[in-house]
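Visitor: This is the structure I want to talk about, given as structure tokens.
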Amino acid sequence: MDIPRIFNITESAHRIHNPFTPEKFATLGAVLRLEPGTRLLDLGSGSGEMLCTWARDFGITGIGVDMSQLFSQQAKLRAEELGVTDKVEFIHGDAAGYVADIKCDVAACVGATWIGGGVAGTIELLEKSLNSNGIILIGEPYWRQLPPSEEVAKKCFANSISDLHGLPELVASFDELGYDVVEMVLADQEGWDRYEAAKWLTMRRWLEANPDDDFAQEIRSQLNDAPRRHVAYTREYLGWGVFALMAR
């Protein structure tokens with residue numbers, strides 16, 4: 001069980017696999033008013049940065065589940081580095097359909113709502129692991145500005161313009177599902193730069209180390225295109241944020 005190889009290569013040096021910076025995650029933890037002992041489930045936990053730093057800074061405990069063998073191992077190493085192995089656990093597994101054995105105070109899916117077939121299905125999945133009056137965290141992209149064409153939308157990793165909402169429509173969709181939006185922290189263009197641009201050096205170093213790999217042509221093609229695509233499209237049109245929700 002693993003994610004596609006392209007992500008294990010391009011994001012192998014990432015600690016955060018979305019457009020958030022460490023400062024944004026620190027802000028999110030602070031505004032959620034996390035208290036020591038708060039129990040958190042993170043589906044699609046990546047390299048574990050959110051759980052590990054929150055365990056260090058706020059005293060939370062939690063479980064992270066991710067399909068990537070590499071990221072799951074990196075998460076365990078990060079927990080050791082920060083001295084929080086007694087507070088957090090990381091499981092290499094399929095987050096789709098995962099329900100915690102013990103109910104959590106916060107249930108999160110920060111940037112992987114495909115595990116539930118979209119936002120609504122992922123919220124329904126997270127609810128199964130949540131205490132009464134607990135908080136759901138959803139990380140989701142939205143249009144900062146509406147793309148002028150379907151071609152531009154595809155340059156932003158969407159299949160079509162209709163794949164994403166604008167920010168007002170995204171927030172309204174949570175209301176329609178019966179949830180109060182009780183906090184939000186939004187990524188900025190610097191966050192997008194750190195997420196996307198960090199891949200470029202990783203790809204270049206990988207190509208230098210693996211010139212004869214069968215995947216080298218794919219990586220070269222991505223490296224040729226990625227910087228121009230990012231500055232022309234991703235950082236201009238795509239927004240991203242984490243939204244804290246509570247059921248009514």
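Okay, so the sequence shown: first residue is 1 according to our numbering, each after it adds one. The C-beta atom is built at its ideal place from N, Cα and C for all residues, glycine as well.
Determine the closest residue to Leu-146 out of His-230, Ile-16, Tyr-179 and Thr-234, with distance taken between C-alpha atoms.
Guide: Stepping through the sequence shown from its first residue, residue 146 is reached at position 146. With distances taken between Cα atoms, Leu-146 lies closest to Thr-234.
Visitor: Can you say whether Gln-217 is buried or exposed, counting buried as having 16 or more other CB atoms within 10 angstroms of its CB?
Guide: By 1-based counting over the sequence shown, the position of residue 217 is 217. Exposed: under 16 other Cβ atoms inside 10 Å.
Visitor: Going by DSSP in three states, Leu-245 sits in which element: helix, strand or coil?
Guide: Stepping through the sequence shown from its first residue, residue 245 is reached at position 245. It is a strand residue.
Visitor: Kindly identify the DSSP beta-bridge partner or partners of Thr-61.
Guide: Residue 61 sits at position 61 when you count from the first residue of the sequence shown. Bridge partners of Thr-61: Arg-39.
Visitor: In the DSSP output, which residue or residues are listed as bridge partners for Gly-303?
Guide: No answer is possible for residue 303: it lies beyond the span of the chain, which begins at 1 and ends at 248.
Visitor: DSSP state of Glu-196, grouped into three classes?
Guide: Working through the sequence shown from its first residue, we reach residue 196 at position 196. Glu-196 falls in the helix class under three-state DSSP.
Visitor: Once DSSP output is grouped into helix, strand and coil, what is the label at Phe-215?
Guide: Counted from its first residue, the sequence shown places residue 215 at position 215. Coil at Phe-215, not helix or strand.
Visitor: Whose C-alpha, out of His-14, Val-31 and Pro-19, is nearest the C-alpha of Met-184?
Guide: As a working note, residue 184 is residue 184 in the sequence shown. Comparing Cα-Cα distances from Met-184 to each of His-14, Val-31 and Pro-19, the minimum goes to Val-31.
Visitor: Please work out which residues of its chain come closer than 7 Å, Cβ to Cβ, to Gln-189, disregarding the five sequence neighbours upstream and downstream, and give them in chain order.
Guide: Looking up residue 189 in the sequence shown gives position 189. Correct list, in chain order: Arg-235.
Visitor: Within a Cβ cutoff of 8 Å, which residues of the same chain sit near Tyr-179, ignoring the five residues on either side of it in sequence?
Guide: Looking up residue 179 in the sequence shown gives position 179. By the criterion of a C-beta distance shorter than 8 Å, Tyr-179 is surrounded in its chain by Ile-123, Ile-136, Leu-245, Met-246, Ala-247 and Arg-248, once the five residues flanking it on both sides are discounted.
Visitor: Quick check on Val-84: buried or exposed, where buried means 16 or more other Cβ atoms within 10 Å of its Cβ?
Guide: One-based indexing of the sequence shown puts residue 84 at position 84. Under this definition Val-84 is a buried residue.
Visitor: With DSSP run on the structure shown, which of helix, strand or coil describes Met-184?
Guide: Working through the sequence shown from its first residue, we reach residue 184 at position 184. Reduced to three states, the DSSP call for Met-184 is strand.
Visitor: Go ahead and pull the three-state DSSP assignment for Gly-118.
Guide: Taking the first residue of the sequence shown as 1, we reach residue 118 at position 118. Three-state result, Gly-118: coil.
Visitor: To the nearest angstrom, how far is the alpha carbon of Gln-73 from that of Asp-2?
Guide: Within the sequence shown, residue 73 is the residue found at index 73, counting from 1. Within the sequence shown, residue 2 is the residue found at index 2, counting from 1. Approximately 12 Å between the Cα atoms of the pair.
Visitor: For Gly-29, does the three-state DSSP call read helix, strand or coil?
Guide: Indexing the sequence shown from 1 puts residue 29 at position 29. In the structure shown, Gly-29 sits in a helix (DSSP, three-state: H, G or I).
Visitor: In the DSSP output, which residue or residues are listed as bridge partners for Tyr-179?
Guide: Along the sequence shown, read from residue 1 onward, the residue named residue 179 stands at position 179. DSSP output for Tyr-179 lists Ala-247 as bridge partner(s).
Visitor: Whether or not the region 32–39 and the region 195–215 are in contact is what I'm after, with contact meaning three or more pairs of Cβ atoms, one per stretch, closer than 8 Å; do they touch?
Guide: no
Visitor: Taking the C-alpha atoms as reference points, what is the distance between Ala-95 and Pro-227?
Guide: Position 95 of the sequence shown, counted from the first residue, corresponds to residue 95. Position 227 of the sequence shown, counted from the first residue, corresponds to residue 227. A direct Cα-Cα distance of roughly 31 Å separates Ala-95 from Pro-227.
Visitor: If the criterion is Cβ atoms closer than 8 Å, does the pair Ala-112 and Gly-44 meet it?
Guide: Taking the first residue of the sequence shown as 1, we reach residue 112 at position 112. Taking the first residue of the sequence shown as 1, we reach residue 44 at position 44. With contacts defined by Cβ atoms closer than 8 Å, Ala-112 and Gly-44 form a contacting pair.
Visitor: Do you know how far the Cα of Gly-97 is from the Cα of Ile-115?
Guide: Locating residue 115 in the sequence shown gives position 115, where the first residue counts as 1. Locating residue 97 in the sequence shown gives position 97, where the first residue counts as 1. Cα to Cα, the separation comes out at about 8 Å.
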